[in-house]
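2 protein chains.
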Amino acid sequence: MKRYASVITLKPDAILAYKQLHAHTWKQVLAKITECNIRNYSIYLYGNTLFSYFEYVGDDYEADMAKMAEDEVTQAWWSVCKPLQIPVSEAKPGEWWHDIEEVFHLD
Amino acid sequence: MKRYASVITLKPDAILAYKQLHAHTWKQVLAKITECNIRNYSIYLYGNTLFSYFEYVGDDYEADMAKMAEDEVTQAWWSVCKPLQIPVSEAKPGEWWHDIEEVFHLD
Numbered sequence: 032m033k034r035y036a037s038v039i040t041l042k043p044d045a046i047l048a049y050k051q052l053h054a055h056t057w058k059q060v061l062a063k064i065t066e067c068n069i070r071n072y073s074i075y076l077y078g079n080t081l082f083s084y085f086e087y088v089g090d091d092y093e094a095d096m097a098k099m100a101e102d103e104v105t106q107a108w109w110s111v112c113k114p115l116q117i118p119v120s121e122a123k124p125g126e127w128w129h130d131i132e133e134v135f136h137l138d
Numbered sequence: 032m033k034r035y036a037s038v039i040t041l042k043p044d045a046i047l048a049y050k051q052l053h054a055h056t057w058k059q060v061l062a063k064i065t066e067c068n069i070r071n072y073s074i075y076l077y078g079n080t081l082f083s084y085f086e087y088v089g090d091d092y093e094a095d096m097a098k099m100a101e102d103e104v105t106q107a108w109w110s111v112c113k114p115l116q117i118p119v120s121e122a123k124p125g126e127w128w129h130d131i132e133e134v135f136h137l138d
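Sequence lines, in order, name chains A and B.
Just add 31 to the spot in the first sequence (first one is 1) and you have the working numbering.
Just add 31 to the spot in the second sequence (first one is 1) and you have the working numbering.
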């Protein structure tokens, strides 16, 4: 199992829409996340910053992320979520959510 | 099980010290955390902001946190960690790490 944490910001006027969307996440999106070997996935909000944490239990993360990106319903989900978000300034080219560094872990 | 996530900032010149401390966390501190029913505890760093995530598996969080606070080694640990940290402006009176809101979760 590998843990991933990342950050992104929300446009200030998009907080309510983002929370409502995620309180009613589409079933096919949830199923695809699970199919792509992501578990224990949480998103937290601090100010305008979203903090994401999940655990990857598969053995080919790149392939699973590619599979997720090919899914039509997931693409439609992203098409409504992404306009609400702004990547942080530290995001690398091609990054949307920006991976952050683990400095401590205790099982 | 209940998930907790929270944030705090690091003084800009304290990042290396904080990372070194947590790469060598004292064994008694780790044991006390486990004894107090905290599991799967991670801390991530983004800029000067620390994000903490853990899962509480006991049935009396307040009592367990009080037990942790009574522990002499934990107190000594906090005495070296706290001077490196500055609570966020949103912290409530008495808060050190500031709890943040979960907006999404998928097991």
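Where is the CB? At the ideal position from N, CA and C, for every residue including glycine.
Quiz item: chain B beta carbons: is any one of them nearer than 8 Å to that of residue 73 (chain A)?
Solution: With 8 Å as the cut-off, residue 73 (chain A) counts as an interface residue toward chain B.
Exercise. With distances taken Cα to Cα, identify the nearest neighbour of residue 119 (chain A) among A:113, A:128, A:111.
Key: Out of A:113, A:128, A:111, A:128 has the C-alpha closest to the C-alpha of residue 119 (chain A).
Practice problem: Assign residue 38 (chain B) to buried or exposed, taking buried as 16 or more other Cβ atoms, counted over all protein chains shown, within 10 Å of its Cβ. | Solution: Burial state of residue 38 (chain B) is buried, judged by a 10 Å Cβ sphere holding 16 or more other Cβ atoms.
Quiz item: Is there a Cβ from chain B that is less than 8 Å from the Cβ of residue 50 (chain A)?
Solution: Yes, because at least one Cβ of chain B sits closer than 8 Å to the Cβ of residue 50 (chain A).
Self-check item: residue 76 (chain A) classed as buried or exposed, judged by whether at least 16 other C-beta atoms fall within 10 angstroms
Solution: Result: buried.
Exercise. For residue 95 (chain B), return the contacting residues in chain A, with the cut-off set at a CB-CB distance below 7 Å.
Key: What residue 95 (chain B) touches in chain A: nothing, since even the nearest Cβ is about 15 Å away.
Quiz prompt | Supposed contact pair residue 105 (chain A) and residue 40 (chain A) - C-beta distance, whole angstroms, cut 8 Å | solution = Contact flag wrong, Cβ pair sits at about 21 Å.
Quiz prompt | Residue interval of the beta strand (DSSP E) (run including residue 36 (chain A)) | solution = Judged by DSSP secondary structure, residue 36 (chain A) falls within the beta strand (DSSP E) whose first and last residues are 33–41.
Exercise. Determine the chain A residues that contact residue 56 (chain B) at a beta-carbon separation under 9 Å, and present them in chain order.
Key: Residues of chain A passing the Cβ test: 135, 137.
Quiz item: If we count Cβ pairs, one from each stretch, closer than 8 Å, do we get three or more for the stretch 92–110 of chain B versus the stretch 60–68 of chain B?
Solution: Look at the beta carbons and you see the stretch 92–110 of chain B touching the stretch 60–68 of chain B: at least three pairs across the two are nearer than 8 Å.
Practice problem: Kindly indicate which residue of A:110, A:101, A:69, A:73 has the alpha-carbon position closest to the one of residue 90 (chain A). | Solution: Ranking the options by Cα distance to residue 90 (chain A), first place goes to A:69.
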